[in-house]
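K.L.:
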Amino acid sequence: MTNDNSKDRVYIFDTTLRDGEQSPGASMTLGEKLQIAEVLDEMGVDIIEAGFPIASNGDFEAVTEVSKMVKNAVVCGLARAGDKDIDRAADALKHAKQSRIHTFISTSPLHMKFKLQMEPEEVYEAVISSVTRARGYTDNVEWSCEDGTRTEHDFMCRCVEAAIKAGATTINVPDTVGYTVPEEHFELFTMLRQRVPNSDKAIFSAHCHNDLGMAVANSLAAVRAGARQIECTINGMGERAGNAALEEIVMALRTRGDVLPYDSSVNTEVITRVSKLVSNVTAFPVQYNKAIVGKNAFAHESGIHQDGMLKNAETYEIMTPESVGLKESSLVMGKHSGRHAFRTKLEEMGYELGDNQFQDVFARFKDLADKKKHVYDEDIEALVDDQIAHADDNIKVVALTVIAGTGGPQKATLTLEVDDRHITKECTGDGPVDATFNAIKAIVDHSASLQLFQVSAVTEGTDAQAEVSVRLEEDGKTVTGRGADTDTLVSSAKAYVSALNKLMVKRQKTKPEALAAS
Ligand code: KIV
Ligand code: ZN
Numbered sequence: 000m001t002n003d004n005s006k007d008r009v010y011i012f013d014t015t016l017r018d019g020e021q022s023p024g025a026s027m028t029l030g031e032k033l034q035i036a037e038v039l040d041e042m043g044v045d046i047i048e049a050g051f052p053i054a055s056n057g058d059f060e061a062v063t064e065v066s067k068m069v070k071n072a073v074v075c076g077l078a079r080a081g082d083k084d085i086d087r088a089a090d091a092l093k094h095a096k097q098s099r100i101h102t103f104i105s106t107s108p109l110h111m112k113f114k115l116q117m118e119p120e121e122v123y124e125a126v127i128s129s130v131t132r133a134r135g136y137t138d139n140v141e142w143s144c145e146d147g148t149r150t151e152h153d154f155m156c157r158c159v160e161a162a163i164k165a166g167a168t169t170i171n172v173p174d175t176v177g178y179t180v181p182e183e184h185f186e187l188f189t190m191l192r193q194r195v196p197n198s199d200k201a202i203f204s205a206h207c208h209n210d211l212g213m214a215v216a217n218s219l220a221a222v223r224a225g226a227r228q229i230e231c232t233i234n235g236m237g238e239r240a241g242n243a244a245l246e247e248i249v250m251a252l253r254t255r256g257d258v259l260p261y262d263s264s265v266n267t268e269v270i271t272r273v274s275k276l277v278s279n280v281t282a283f284p285v286q287y288n289k290a291i292v293g294k295n296a297f298a299h300e301s302g303i304h305q306d307g308m309l310k311n312a313e314t315y316e317i318m319t320p321e322s323v324g325l326k327e328s329s330l331v332m333g334k335h336s337g338r339h340a341f342r343t344k345l346e347e348m349g350y351e352l353g354d355n356q357f358q359d360v361f362a363r364f365k366d367l368a369d370k371k372k373h374v375y376d377e378d379i380e381a382l383v384d385d386q387i388a389h390a391d392d393n394i395k396v397v398a399l400t401v402i403a404g405t406g407g408p409q410k411a412t413l414t415l416e417v418d419d420r421h422i423t424k425e426c427t428g429d430g431p432v433d434a435t436f437n438a439i440k441a442i443v444d445h446s447a448s449l450q451l452f453q454v455s456a457v458t459e460g461t462d463a464q465a466e467v468s469v470r471l472e473e474d475g476k477t478v479t480g481r482g483a484d485t486d487t488l489v490s491s492a493k494a495y496v497s498a499l500n501k502l503m504v505k506r507q508k509t510k511p512e513a514l515a516a517s
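Mapping of the sequence shown onto numbering that gives the first Met the number 0: residues 0 to 517, in sequence order.
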């Protein structure tokens with residue numbers, strides 16, 4: 000934590016679970032959203048936007064369950080400017096210790112004419128009625144003018160004044176299409192704060208998309224002009240090119256306090272953990288050279304840099320790896336390590352497992368230590384995450400034998416446990432992965448199509464575990480599954496089966512209304 004009383008506080012509003020989930024293909028299960036919300040709460044974000052309750056039953060359930068679980072942060076639900084949306088958001092938020100309704104409507108000429116097909120005066124009236132309705136449920140109401148950066152200033156000032164008068168406590172000005180530049184954004188916030196007569200009665204907020212790669216710079220420019228809330232996502236997830244990245248914002252505030260004298264309550268040492276979690280859950284890899292959380296963000300390759308680093312780390316490092324929670328990869332233990340040492344290691348890594356789960360994980364650790372010379376923290380992490388992710392699965396991989404090689408046809412013999420029954424099938428395919436997936440299809444008939452198949456190595460070396468992510472799509476529903484094993488084909492089968500398990504759960508949930516909000 001970096002709280003410094005001499006600095007102005009900037010509230011961090013995390014929208015990974017709402018705007019972040021709007022990244023094409025990035026859908027998360029309820030359990031995954033809860034896992035992320037728990038870490039966000041622990042890391043000290045001020046507000047968690049947990050979803051858009053009217054958009055689907057899944058979103059409603061996510062906002063409800065996050066509301067019940069979160070201890071410290073304000074939980075927020077999104078709503079368009081209509082009674083049904085606002086009532087549904089209020090219903091989903093009713094268990095939250097602290098809740099916020101976030102209502103929005105477009106105010107730019109383009110959006111009003113083509114998207115809403117409403118006259119400006121109708122939009123103006125909707126601002127007042129939506130904020131008033133939301134205030135009937137909570138005194139913490141945020142109002143957003145969608146496409147704010149392409150809105151005429153006079154109209155925006157009128158709407159902002161009306162929203163504050165109706166009771167909005169936060170005014171968010173989204174750069175919905177990532178169009179603005181820092182100087183312009185600075186002037187926009189300055190103008191609003193100067194011209195709107197009751198501007199001192201609300202907190203101003205920036206919500207920037209990254210279409211031109213300026214989301215973080217634009218957000219910080221808004222802060223310099225008086226905004227005191229930034230809306231952002233982990234790893235910069237979000238529609239199209241994404242949203243402003245939370246980790247970049249909080250590290251910029253922490254590292255450049257000399258020119259940005261503002262403070263956030265985020266414990267930056269949780270950044271690496273939450274970044275990995277979001278990337279794993281969504282199967283969205285983090286680009287190697289991504290600021291703060293990229294694999295290379297703290298790596299020094301050239302001889303000159305390495306030499307400087309050895310003499311004094313500050314020569315080439317403006318932040319320490321520890322400040323973002325990056326630890327030296329440490330050698331854990333081998334096949335002779337005992338139960339007690341392994342449990343202690345898990346506790347150090349932040350895992351609290353029940354007895355049965357521990358027994359299963361320990362058995363898998365022993366197996367792994369037999370196959371792999373060195374077992375690292377990352378191996379243990381992959382193994383435990385894999386075990387937790389598959390604990391409730393109805394379909395499980397029991398055995399797989401694959402004949403691969405240049406000769407062809409490649410053949411897979413697979414046994415799955417389906418609702419406690421073992422079923423075995425043998426299939427050929429165009430390569431060993433295809434043969435394996437065909438065998439899964441032969442056992443569990445389904446029409447989902449494969450959208451993504453991604454393999455990465457957990458550690459270095461040819462004996463490394465392979466972590467596979469698979470994304471399946473069926474009737475517009477997407478699910479992501481993961482699997483880890485030293486055998487890439489076994490990981491692939493596990494990942495596919497994990498996605499299938501999630502699909503079964505999703506099939507049971509129906510969508511009342513399909514909505515889109517950027
Ligand atoms: O980008 C945007 O305009 C949004 C609003 C719904 C706040 O996400
Ligand atoms: Zn947005």
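C-beta: ideal position from N, C-alpha, C; glycine also.
None of these values were measured; they are calculated from a predicted model.
1) Could you give the DSSP three-state label for N139: helix, strand or coil?
2) As a quick exercise: from M503, K440, V457 and G19, pick the residue whose alpha carbon is nearest that of C207.
3) Touching or not, the region 265–279 and the region 209–217, by the rule of three or more beta carbon pairs under 8 angstroms?
4) With distance defined between alpha-carbon atoms, name the residue in K371, V489 and P181 nearest to A438.
5) Can you look up G241 in the DSSP assignment and give me helix, strand or coil?
6) If you compare alpha carbons, which of G406, D378 and K410 is closest to L367?
7) Name the DSSP beta bridge partners of E466, please?
8) Residue ranges of each alpha helix (DSSP H) run of no fewer than 4 residues wholly in the region 310–363, ordered along the chain?
9) Using CA coordinates, which residue listed in T423, Q286, V504 and H304 is at the minimum distance from N393?
10) Candidates A494, A49 and M42: which alpha carbon is nearest V265's?
11) According to the neighbour-count rule (16 or more other Cβ atoms, all chains shown, within 10 Å of its Cβ), is R79 buried or exposed?
12) Could you spell out where the beta strand (DSSP E) holding Q228 opens and where it closes?
13) Any heavy atom of the ligand ZN within a distance shorter than 6 angstroms of the CB on D18?
14) Between the C-alpha atoms of T1 and D262, what's the straight-line distance to the nearest angstrom?
15) Do the CB positions of V74 and A95 come within less than 7 angstroms of each other?
16) From the DSSP secondary-structure annotation, give me the bridge partner or partners of F113.
17) Suppose the cutoff is 6 angstroms on Cβ atoms and the five residues either side in sequence are ignored; what does the same chain contact list for T412 look like?
18) On the premise that T14 lies in contact with E48, defined as a C-beta separation below 8 angstroms, what is that separation, rounded to the nearest angstrom?
19) Just verifying my parser: in three-state terms, what is the DSSP assignment at A290?
20) How many Å lie between F203 and D90 at the Cα?
21) Skipping 5 residues on each side, what residues in its chain have a beta carbon closer than 7 angstroms to that of M190?
22) Can you tell me where the beta strand (DSSP E) with A420 in it begins and where it stops?
23) Below 6 angstroms, is the gap between the Cβ of T175 and the nearest heavy atom of the ligand KIV?
24) Helix, strand or coil for I248 per DSSP?
25) For the putative contact between L471 and Q450, defined by C-beta atoms under 8 angstroms, what is the C-beta separation to the nearest angstrom?
26) Have a look at I163, P23 and C231 and flag the residue whose alpha-carbon is nearest the alpha-carbon of I11.
27) Alpha carbon to alpha carbon, what distance is there between E121 and L187?
28) What does DSSP give as the partner residues of G407 in its beta bridges?
29) Are V478 and K501 close, meaning C-beta to C-beta below 7 angstroms?
30) Could you check the C-alpha separation between D45 and C144 for me, to the nearest Å?
31) Under 8 angstroms by Cβ, that's how I've got A498 and G480 pegged, so tell me the actual separation to the nearest angstrom.
32) Alpha carbon to alpha carbon, how far is P107 from G147?
33) Would you mind listing the alpha helix (DSSP H) stretches within the region 185–220 that are 4+ residues and don't spill past its ends, in chain order?
34) Could you check whether the Cβ of L206 sits closer than 6 angstroms to any heavy atom belonging to the ligand KIV?
35) Under 7 angstroms between the Cβ atoms of Y315 and H304?
P.N.:
In terms of the structure at hand:
1) Coil at N139, not helix or strand.
2) Looking at M503, K440, V457 and G19, the one whose alpha-carbon comes closest to that of C207 is G19.
3) Put simply, the region 265–279 does not touch the region 209–217. Fewer than three CB pairs are less than 8 angstroms apart.
4) Taking A438 as reference, the option from K371, V489 and P181 with the minimal CA-CA separation is V489.
5) Reduced to three states, the DSSP call for G241 is coil.
6) Of the listed residues, the one whose Cα sits closest to L367 is D378.
7) According to DSSP, which records beta bridges pairwise, E466 is partnered with S455 and A483.
8) Within the region 310–363, complete alpha helix (DSSP H) segments of at least 4 residues are found at 338–347, given in chain order.
9) For the options T423, Q286, V504 and H304, the alpha carbon positioned closest to that of N393 is the one of V504.
10) Ranking A494, A49 and M42 by Cα distance to V265 puts M42 first.
11) By the 10 Å Cβ count, R79 comes out buried.
12) Q228 to C231 is the span of the beta strand (DSSP E), which, as asked, contains Q228.
13) Yes, the beta carbon of D18 sits closer than 6 angstroms to at least one heavy atom of the ligand ZN.
14) Unreliable positioning characterises T1 in this predicted model, as indicated by a pLDDT of 44, which lies under 50. The coordinate reading is nonetheless provided below. Inter-residue distance for T1 and D262 is about 7 angstroms (C-alpha atoms, whole angstroms).
15) Going by C-beta atoms, V74 is nearer than 7 angstroms to A95.
16) In DSSP, F113 forms no bridge with anything.
17) For T412, the CB contacts under 6 angstroms within the same chain, skipping 5 residues up- and downstream, are T400 and E425 in chain order.
18) With 8 angstroms as the limit, E48 and T14 qualify as a contact, their Cβ atoms being about 4 angstroms apart.
19) DSSP places A290 in the coil class of the three-state scheme, outside both helix and strand.
20) Answer to the nearest angstrom: the Cα atoms are 26 angstroms apart.
21) Counting only Cβ-Cβ distances below 7 angstroms, and skipping sequence neighbours, we find H152.
22) According to the sequence displayed, residue 420 carries Arg and not Ala. Where R420 is concerned, the enclosing beta strand (DSSP E) stretches over R420 to G428.
23) Yes, since a heavy atom of the ligand KIV falls inside the 6 angstroms radius drawn around the Cβ of T175.
24) Of the three classes helix, strand and coil, the one that applies to I248 here is helix, per DSSP.
25) Correct: roughly 7 angstroms between the Cβ atoms.
26) Checking every option, the nearest Cα to that of I11 belongs to C231.
27) Spanning the alpha carbons of L187 and E121 requires a straight line of approximately 24 angstroms.
28) DSSP lists no partner for G407.
29) K501 is positioned such that its CB atom lies closer than 7 angstroms to that of V478.
30) Rounded to the nearest angstrom, the two C-alpha atoms are 21 angstroms apart.
31) Going by Cβ atoms, the distance from A498 to G480 rounds to 3 angstroms, so yes, they are a contact pair.
32) The question names Pro, but residue 107 is Ser in the sequence shown. Going from the Cα of S107 to the Cα of G147 covers about 6 angstroms.
33) Those alpha helix (DSSP H) runs which fall completely within the region 185–220 and span 4+ residues do not exist here.
34) Note that residue 206 is His in the sequence shown here, rather than Leu. The ligand KIV approaches H206 closely enough that one of its heavy atoms is under 6 angstroms from the residue's Cβ.
35) In contact: Y315 and H304 (Cβ atoms closer than 7 angstroms).
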